[in-house]
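What follows is one structure encoded as structure tokens, with my remarks underneath.
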Amino acid sequence: MSAEAPNPLPDDRPIAHADSRTRRTALRFVLLIGVLSFFADFTYEGSRSILGPFLALLGASGTVVGVVTGFGELLGYGLRLVSGRLADATRQYWPITIFGYVVQMAAVPALALVDSWPAAAVLIILERVGKAIRNPPRDVMLSHAGKQVGGYGWAFGLHEALDQFGAMFGPLAVAVVLARRGDYHLAFATLLIPALINLGFVLLARLLYPRPQDLETTPPVIETTGLPQTYWIYLAGAALVAAGFADYPIIAYHFALAGVASGQDIAIFYAVAMAVSGTGSVLFGRLFDRFGFSVLIGLTLLSALFAPLVFLGGFWVALLGAAIWGLGMGVHESIIPAAVAPMVPAQRRASAFGLFTAGYGVFWFLGSAAIGILYDLSLPAVIAFCVIAELAAVPIFVWVGRRHRAEARS
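Now the structure itself:
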């Protein structure tokens with residue numbers, strides 16, 4: 003009997019070891035993508051923090067600044083649909099991602115070489131195009147590691163935390179250069195350093211993890227039909243959130259016009275917002291994996307408070323509003339896309355991410371335009387628009403959460 007008795011321990015050990023090894027590999031991949039994103043955000047957020055005054059220095063009007071940055075954002079989101087479909091069709095995730103990073107990282111320091119606003123406008127738009135190209139395939143690769151590290155929310159949240167801390171340090175570094183030398187061209191040239199570091203980490207990630215899709219040992223079942231109904235309804239809710247979420251330039255414009263804060267303080271407000279965004283991404287991404295859509299619903303309600311605080315408050319209330327705005331930004335960049343991953347089959351994630359972020363970006367652009375128009379007419383109308391749009395998404399998220407739980411149980 004003893005010779006024939008089952009001995010599960012030796013057979014189980016290799017499986018446990020393999021699972022543990024896969025988990026560690028996936029975590030290292032997420033961290034590596036987070037580090038390269040830190041330097042990417044350091045580079046392009048550093049430049050974006052001074053684009054307005056730089057364009058003004060080159061003789062651009064306010065209308066030019068608005069059109070250039072707005073069109074850049076529209077392309078930066080809209081082209082993700084094309085990039086996502088291309089990634090799904092070719093499965094060439096790394097080549098598309100690398101090309102996008104090269105375009106984006108080359109465009110930023112190249113601003114140091116221009117002396118006219120049309121040339122600067124081309125590079126500003128090109129930077130957004132580079133981001134549009136690389137985001138969907140990168141997010142798909144990140145999603146393959148999500149399940150192995152404990153959940154999609156944790157993976158996207160950890161990545162977003164490193165991403166947003168880069169967005170905090172980049173503008174601060176640029177501010178130091180301007181404070182000491184007062185030279186915008188030198189500030190852009192300085193950003194060549196983090197840009198090159200980013201590209202180095204991109205190539206290292208490609209070398210160490212040539213097939214991140216292999217990290218997902220149990221991918222969802224392949225489906226040949228279109229994207230599920232839950233996905234489309236969820237996109238409608240996310241579009242409402244995007245429409246009611248004011249861009250920081252309009253918030254900063256209000257701070258300056260109303261005398262709420264000085265130019266230096268406005269930059270510090272933005273750094274605080276990015277710090278809150280990065281920290282919140284990790285915490286709430288983890289909570290999302292554990293509690294699901296209830297976390298997203300609560301954070302949507304909380305982030306709706308940013309509008310009355312930033313547009314009606316004095317210095318300290320406005321600072322609190324900027325922090326809540328940053329928290330909302332972290333939710334947008336981590337939890338909202340993390341919820342998409344389990345809704346669609348792995349083979350269609352790039353298209354799903356691309357379509358989702360394209361729709362999200364279009365409504366963000368339309369909402370920002372509406373907020374700008376309303377700002378010239380009535381400040382209470384701006385606040386009402388932002389709050390109503392954010393709150394209108396809540397019942398949609400409630401429905402999606404219930405549907406998602408029902409599908410998971412079945």
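Mapped onto the working numbering, the consecutive letters of the sequence shown carry residue numbers 3 to 412.
For every residue, glycine included, the Cβ atom is placed at its ideal position computed from N, Cα and C.
For clarity, every value in this text was computed on a predicted model and none was experimentally measured.
> Which residue spans inside the region 69-138 form an unbroken alpha helix (DSSP H) run of at least 4?
Replying inline: Here the runs fully enclosed are 82-92, 95-112.
> If we count the other Cβ atoms within 10 Å of its Cβ and call it buried at 16 or more, is Ala91 buried or exposed?
Replying inline: The residue labelled residue 91 in the question sits at position 89 within the sequence shown. Ala91 comes out exposed.
>> Among Phe295, Val342, Ala354, whose alpha-carbon lies nearest the alpha-carbon of Trp401?
In response: As a working note, residue 401 is residue 399 in the sequence shown. For Trp401, the closest C-alpha among the options Phe295, Val342, Ala354 is that of Phe295.
>> Here's the rule I'm using: 16 or more other beta-carbon atoms within 10 Å means buried, otherwise exposed. How should Gly184 be labelled?
In response: As a position in the sequence shown, residue 184 is number 182, starting the count at 1. That one is exposed.
>> So, for Arg404: in the same chain, excluding its five sequence neighbours on each side, which residues have a beta-carbon less than 6 Å away from its beta-carbon?
In response: For the purposes of this step, residue 404 is identified with residue 402 of the sequence shown, where counting begins at 1. Hits under 6 Å: none found.
> By Cβ distance below 6 Å, which residues in the same chain neighbour Ala75 in space, the five residues on each side in sequence not counted?
Replying inline: On the sequence shown, position 73 is the one that residue 75 refers to. In the sequence as displayed, the identity of residue 75 is Glu instead of Ala. So the qualifying residues of the chain are Phe367.
> Roughly how many whole angstroms lie between the Cα atoms of Phe286 and Arg292?
Replying inline: In the sequence shown, residue 286 corresponds to position 284, counting from 1. In the sequence shown, residue 292 corresponds to position 290, counting from 1. Their Cα atoms are separated by approximately 10 Å.
> Taking the Cβ atom as the reference point for each residue, do Ala163 and Thr45 lie within a distance shorter than 8 Å?
Replying inline: Numbered from 1 along the sequence shown, position 161 holds the residue referred to as residue 163. Numbered from 1 along the sequence shown, position 43 holds the residue referred to as residue 45. No.
> Counting Cβ pairs closer than 8 Å, one from the region 33-44 and one from the region 203-221, do we hit at least three?
Replying inline: Segments in contact, yes.
> So, are the CB atoms of Val151 and Val284 less than 8 Å apart?
Replying inline: As a working mapping, residue 151 is identified with position 149 in the sequence shown. As a working mapping, residue 284 is identified with position 282 in the sequence shown. Their beta carbons are not under 8 Å apart, which means Val151 does not touch Val284 by this criterion.
> Along the chain, where does the alpha helix (DSSP H) that runs through Asp216 open and close?
Replying inline: Position 214 of the sequence shown holds residue 216. No alpha helix (DSSP H) holds Asp216; DSSP gives it neither H nor E.
> Which same chain residues, not among the five before or five after Asp249, have their C-beta less than 7 Å away from its C-beta?
Replying inline: Here the question's residue 249 lines up with position 247 in the sequence shown. Cβ neighbours of Asp249 beyond the five flanking positions: Ser370.
> Using CA coordinates, which residue listed in Val274, Glu392, Val104, Glu335 is at the minimum distance from Tyr79?
Replying inline: Sequence index remark: in the sequence shown, residue 79 carries index 77 (1-based). Ranked by how close their Cα comes to the Cα of Tyr79, the residues Val274, Glu392, Val104, Glu335 have Glu335 in first place.
>> Measuring only the C-alpha atoms, how far is Ile398 from Phe290?
In response: To locate residue 398, count along the sequence shown from 1; it is residue 396. To locate residue 290, count along the sequence shown from 1; it is residue 288. For the pair Ile398 and Phe290, the Cα-to-Cα distance works out to about 17 Å.
>> Could you tell me the alpha carbon to alpha carbon distance between Val84 and Gly356, rounded to whole angstroms?
In response: Here the question's residue 84 lines up with position 82 in the sequence shown. Here the question's residue 356 lines up with position 354 in the sequence shown. Their Cα atoms are separated by approximately 7 Å.
>> Just to confirm my understanding: we take Tyr95, look at its own chain, exclude 5 residues before and 5 after, and list those with CB closer than 7 Å. What are they?
In response: Counting from one through the sequence shown, the residue named residue 95 turns up at place 93. Excluding positions up to five away in sequence, the list reads Ala89, Pro139, Val142, Met143.
> If we ignore side chains and look at the alpha-carbon of each, how far apart do Ala108 and Arg407 end up?
Replying inline: Residue 108 sits at position 106 when you count from the first residue of the sequence shown. Residue 407 sits at position 405 when you count from the first residue of the sequence shown. Taking the straight line joining both Cα atoms gives about 44 Å.
> Using the C-alpha atoms, what's the distance from Leu198 back to Ile224?
Replying inline: Counting from 1 along the sequence shown, the entry for residue 224 is found at position 222. Counting from 1 along the sequence shown, the entry for residue 198 is found at position 196. Bear in mind that a pLDDT of 44 at Ile224, under 50, signals an unreliable position, so the model cannot answer this.
> For Pro214 versus His146, is the C-beta spacing smaller than 8 Å?
Replying inline: Your numbering for residue 214 matches position 212 in the sequence shown. Your numbering for residue 146 matches position 144 in the sequence shown. Taking 8 Å as the cut-off, the Cβ atoms of Pro214 and His146 count as close.
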